[in-house]
Amino acid sequence: KVYMGSTAPLKEFYKKQENLKMVEAKGSVEEIFSNVCKMIDV
Numbered sequence: 144k145v146y147m148g149s150t151a152p153l154k155e156f157y158k159k160q161e162n163l164k165m166v167e168a169k170g171s172v173e174e175i176f177s178n179v180c181k182m183i184d185v
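With the first letter of the sequence shown counted as 1, position 7 gets the number 150 in our numbering; the numbers rise by one all the way through.
In structure tokens:
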């Protein structure tokens with residue numbers, strides 16, 4: 144209920160703005176962090 148009311152609309156908002164990045168959370172914390180950094184050019 145909270146997700147549909149609060150989070151889902153934000154997801155759609157950022158998707159329409161072409162600012163949504165999807166991250167597959169598989170692997171170690173370090174691998175996931177590295178993948179996120181690559182996605183956002185850090």
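Glycine included, each C-beta is placed from N, C-alpha and C at the ideal position. Small disclaimer: the values here were computed from a predicted structure and weren't measured.
Which of helix, strand or coil DSSP assigns to residue i
i    : result
V185 : coil
S149 : helix
N162 : coil
E173 : helix
K144 : coil
C-alpha gap between residue i and residue j, whole angstroms
i    : j    : result
F176 : A168 : 9 Å
G170 : M182 : 16 Å
K154 : V185 : 22 Å
S149 : L163 : 16 Å
K144 : E161 : 25 Å
K158 : Y146 : 16 Å
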